[in-house]
Amino acid sequence: MSRFNALKADAAWQKVWDDAQTFAADDSSTKPRSYVLEMFPYPSGRIHMGHVRNYTMGDVLARFRRMNGMEVLHPMGWDAFGMPAENAAMEKGVHPGTWTRANIATMKAQLKRLGFALDWSRELATCEPDYYGHEQALFLDLFAAGLVYRKESAVNWDPVDMTVLANEQVIDGRGWRSGALVERRKLSQWFLKITDFADELVDGLGALEHWPDKVKLMQENWIGRSQGLQFRFALTSPLPPAGGVGGGPVDSDATPDGTRPPLALPASGRGIDSVEVFTTRPDTMFGSSFVAVAADHPIAQAIAATNPDAADFIALCKRGGTTAAELDTQEKLGFDTGLRATHPLDSNWQLPVYIANFVLMDYGTGAVFGVPAHDQRDLDFARKYDLPVKRVVSEGDDEAPVFVGNTAWTGPGSLVNSHFLDGLDIEDAKRTVIERAEGEGWGTGTTVFRLRDWGVSRQRYWGTPIPIIHCDACGAVPVPREQLPIVLPEDVAFDIPGNPLDRHPTWKHVACPTCGADARRETDTLDTFVDSSWYFIRFASQPDAKPFDRTGAEKWLPVNQYIGGVEHAILHLLYARFWTRALKHIGMLDIAEPFAGLFTQGMVTHETYSRGDAEPETETDDEESEDAPVQTKWLSPEEVRKTDAGYIEIATGGPVTVGRVTKMSKSKKNTVDPEPIVDQYGADAVRWFVLSDSPPERDLPWSESGIEGAWRFVQRLWRAVETEGGAAGTGDDLPLRKLAHRTTHGVAGDIEALQFNKAVARLYSFVSAIEKAAPSADRDAAVATLLRLASPMVPHVAEEAWAAAGNTGLIADAAWPDVDPALLVDDEVTIAVQVNGKLRDTLVFAKGAPKDEVEAAALASDKIVKLLDGKPPRKVIVVPDRLVNIVA
Ligand code: ANZ
Ligand code: ZN
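Counting along the sequence shown from 1, when you hit position 639 you're at 639 in the UniProt record's numbering, and nothing is skipped either side.
Next comes the structure, spelled out in structure tokens:
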């Protein structure tokens, strides 16, 4: 019996598909369309098992839909800009472009060896001008529409390397290379107005039926829409007009970022007679025990003008950090101004007004009211300054008015100690207070979002140049369209840190497009998330002259099934959703949501190995990122061998500790490189393995025995066909015919539901049944069915066997087998045979078999004959299709 030669067959069939352009999508096809897309890879060097799993899933669906008569778009490209290329440039002295393009070549060859049904004619790499030039055009379109603006924003500044660091390059507050303490610096940077779409981006989630609930919830929380109330507390003793403070807006960048309620400050010259606060918890108003303002607040400034202690306190506040995270962890400090504020719901109730270090000037109104029982910062503060702590939201039956303890209750509950709010749940209470405030005219309801505008400026070389020119006279001027693309200069050096674009001798010096004066090109490049926010549109339509053709793109979009890692559940998907809506807003594309269906697959995992004498695994080991340095204690699977006495290190013979099964990562050396596996077992075995065993949303533990099992299955498939070879079978095999139809139906449902492991299980039993079946016409038909059902998963052996069985044409082009619904119904029933109520035998009958036939068969059964021992039964009761009870 011949063996299936995977290596030979893989290469041969891949060439056939390539030559015939089998998987090229036809834009002008009249068939129903389907767009199947996996998140495109970052060309980091080599394909890893995660890619293999992700792309195999998409591939099965794409091939399946083609066989079902659809025109399928299944493209591939490269998310090719990004920091690792610059790191490689710094470490190895190779140009980021050279490094990236070499990686693309390697990885493309690796993907081809897996036989994915991809339309390579649409391949794109975001680092090439024919992609990023169009991105620059889109950026200018958004700029023209007012969706792009510039504002001062803080960056991480490494004072030793003199460079801006990405957040992931800051480790414990220090620069990853220099080890220097990172400073926060303000730089003028570009922002996209994603907040204009905040409402739509939340509301739109509702229509995404084919998205995991988990991902929708993550997006919703990220956007963080909440109802707030802005209102004024009257001050019992107004402050006199303060010299030089309290004038214009303090927060110059609050305005463009549409999420914040505007600051309302009294015009200079008038005294300050009230303090305006912003809250997202108006329901808790009866639990308030103080008002607090930021150190930069006009009230604080006015007090400090005459009170040196207040001035000292403000100076102290400014020494600490200013980010929200820093404010959360710092000790809460306050300064009692002596001012008193009147509670709007009770004119006899006065609250002390503090200057506090945990209140931010550039959020809300820069002032808050504190509710210690239901806000941890407020509670810490109240404990320190001995302020009342009154519970107003009851978490259970406990309605005790006094709050003891040091943990604030921020969860759900119903209102207590709150007069007209008592008994309401939080949301109802919020609504009630807002309505009352608006009715009585002392406050305004506002919608607020956690989402901030998207800062897209990166002070790096390897990204899309932002197509703007800065002129002293004209300001920020868009590059004229005919000058696009603005191409990255090739002659750059990475021997010193910082942005090579900035220190390039000529690149940034240009004439102002408007007035012709000497001007500077913008040297920031775009966040790489911009590149991935529209690549799926470019796949659908890629004219030379513009980013995409609207009708062309709309033919394919939205993507019917998008598949990728859950690590992109928030940012990438949100940015792509925003970008699509922004294009709709400016009339370039009439699609609201880019991805109709989303699936997030689990990770491929492997056990870890470490030298026997190494430190035990620590908690933090799990948090290491992909780029974390490799620790010396880890050993790769190739460095160890299993012996009867456990694992040993091959090189030294030393003992090896087997650690947890975790995500394959270079830093733990627990990766398995797909390529040698493909060399050894062929593409189909690898594909089959990553689909079997684990549900696709779960993690898949890689195992040597698993891949061997997959290889054996591929060989079984091959043999099933071979035995069919010779003389065509004759005669009937109804049970097998039925199984073929049931399997066809079942596998189709499983693939559409992306439950590949279930499809795999069905195919295993189908093959077993075929192996056991005697030659017959039905068996021949079953084999032909089997090949087609298996072909989306193991396409090479399927093509080879299809051809060997004498079929003309590719199995990739074959139609999915038809299902005869009549053969799906189970028309056999198992009937229980009881004697005096005890189960003695079971018999199989055709459904609806007549009573007397069933009775006769039951009485003739060997077991029953023996039991009755020749005595005639007293009575026989037959319940059709269910049971026979014999009373002896
Ligand atoms: C009263 C209250 C009671 C609050 C309670 C919370 C819990 P998010 O949801 O993040 O927007 N806040 C408002 N402006 C602030 C500022 N400038 N600096 C520091 N904190 C500020 O947070 C809104 C809540 O953060 C607001 O609701 C306010 O405290 C506080 F049980 O008001 B809350
Ligand atoms: Zn100018």
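All C-beta atoms, glycine included, are put in the ideal place defined by N, C-alpha and C.
Predicted model, so just to flag it, every value in this text is computed and none were measured.
Since threonine 126 contacts aspartate 531 with CB under 8 angstroms, what's their CB separation in whole angstroms? 4 angstroms
Output the distance between the C-alpha atoms of valine 829 and glutamate 855, rounded to the nearest integer angstrom. 15 angstroms
With DSSP as the reference, label threonine 306 as helix, strand or coil. Helix at threonine 306.
Do alanine 473 and the ligand ZN come close, with the Cβ less than 6 angstroms from some heavy atom? yes
So, for tyrosine 131: in the same chain, excluding its five sequence neighbours on each side, which residues have a beta-carbon less than 6 angstroms away from its beta-carbon? Leu124
At the level of alpha carbons, what is the spacing between leucine 181 and aspartate 18? 54 angstroms
Using the Cα positions of alanine 264 and threonine 236, report the straight-line distance between them to the nearest angstrom. Note that alanine 264 scores a pLDDT of 41, beneath 50, so its modelled location is shaky and nothing firm can be said.
N-terminal and C-terminal residue of the alpha helix (DSSP H) that isoleucine 537 is part of: 535-540
Just mark serine 252 as buried or exposed, buried being the case when its beta carbon has 16 or more other beta carbons within 10 Å. Only weak support is given to the placement of serine 252: the predicted model assigns it a pLDDT of 36, under 50, and the value that follows is read from those uncertain coordinates. Exposed is the call here.
Using 8 angstroms as the cut-off, can you tell me whether the stretch 69-85 makes contact with the stretch 24-42, which would need three or more C-beta pairs spanning the two stretches below that distance? yes
Starting from the Cα of methionine 90, find the closest Cα among Asn499, Ala198, His470 and give me that residue. Of the candidates Asn499, Ala198, His470, Asn499 places its Cα closest to the Cα of methionine 90.
Between which residues of its own chain and glycine 133 is the CB-CB distance below 6 angstroms, once the five residues before and five after are set aside? Leu484, Pro485
Excluding the five sequence neighbours on either side, which residues of its own chain have a C-beta within less than 8 angstroms of the C-beta of lysine 732, listed in chain order? Inspection of the sequence shows that residue 732 is occupied by aspartate rather than by lysine. Excluding sequence neighbours, aspartate 732 sits near Ser776, Ala777, Asp778.
Since isoleucine 751 and valine 60 should fall inside the 8 angstroms C-beta cutoff, what is the C-beta to C-beta distance between them, to a whole number of angstroms? 6 angstroms
Length-filtered (4 minimum) alpha helix (DSSP H) runs lying within the stretch 77-121: 83-92, 96-113
With a CB to CB cut of under 7 angstroms and the five nearest residues on each side skipped, what residues in its chain are close to isoleucine 314? Ala295, Ala300, Ala304, Ile355
Rounding to the nearest angstrom, what Cα-Cα distance links histidine 290 and glycine 396 in this structure? The amino acid at residue 290 is misidentified as histidine; the sequence shows phenylalanine. The straight-line gap from Cα to Cα measures roughly 26 angstroms.
What is the C-beta distance between aspartate 869 and valine 797, in whole angstroms, given that I count them as a contact (C-beta under 8 angstroms)? Incorrect: roughly 57 angstroms between the Cβ atoms, too far for contact.
Could you tell me if the beta carbon of aspartate 375 falls within a distance shorter than 6 angstroms of some heavy atom in the ligand ANZ? yes
Check whether the Cβ atoms of threonine 525 and arginine 460 sit closer than 7 angstroms, and answer yes or no. Yes.
Within 10 Å of its beta-carbon, does serine 692 have 16 or more other beta-carbons around it, so buried, or fewer, so exposed? buried
Straight-line Cα distance separating isoleucine 468 from glutamate 522: 6 angstroms
For threonine 98, verify whether its CB is less than 6 angstroms away from any heavy atom of the ligand ANZ. no
Could you check if isoleucine 171 is buried or exposed, using at least 16 other CB atoms within 10 Å of its CB as the buried criterion? exposed
Would the beta-carbon of leucine 360 be found less than 6 angstroms away from any heavy atom of the ligand ANZ? yes
Coarse secondary structure for cysteine 317, derived from DSSP in three states: helix
Run the proximity test for alanine 517: is its beta-carbon closer than 6 angstroms to any non-hydrogen atom belonging to the ligand ZN? yes
Quick check: what's the CA-CA separation for aspartate 780 versus glycine 729? 7 angstroms
Beta carbon of threonine 514: closer than 6 angstroms to some heavy atom of the ligand ZN? Yes, the Cβ of threonine 514 comes within 6 angstroms of a heavy atom of the ligand ZN.
Out of curiosity, what's the CA-to-CA distance linking leucine 229 and glycine 441? 12 angstroms
Figure out for me which residue from Ala234, Val448, Ala596 has the closest Cα to the Cα of asparagine 560. Ala596
Among Gln14, Gly58, Pro96, Pro84, the one whose alpha carbon lies nearest that of glutamate 490: Taking only the C-alpha atoms, the option nearest glutamate 490 is Pro96.
From alanine 302 to leucine 239, what does the alpha carbon distance come to, in whole angstroms? Between the alpha carbons of alanine 302 and leucine 239 lies a gap of roughly 8 angstroms.
Exposure of serine 28, with buried meaning 16 or more beta-carbon neighbours within 10 Å: Serine 28 is exposed by the Cβ-count criterion.
Closer than 7 angstroms by C-beta to aspartate 622: which residues in its own chain qualify, once you throw out the five before and the five after it? Chain order, please. With a pLDDT of only 44 at aspartate 622, under 50, the local geometry of the prediction cannot be trusted, and no value is derived from it.
Starting from lysine 851 and walking both ways along the alpha helix (DSSP H), at which residues does that stretch end? Segment 851-860, the alpha helix (DSSP H) holding lysine 851.
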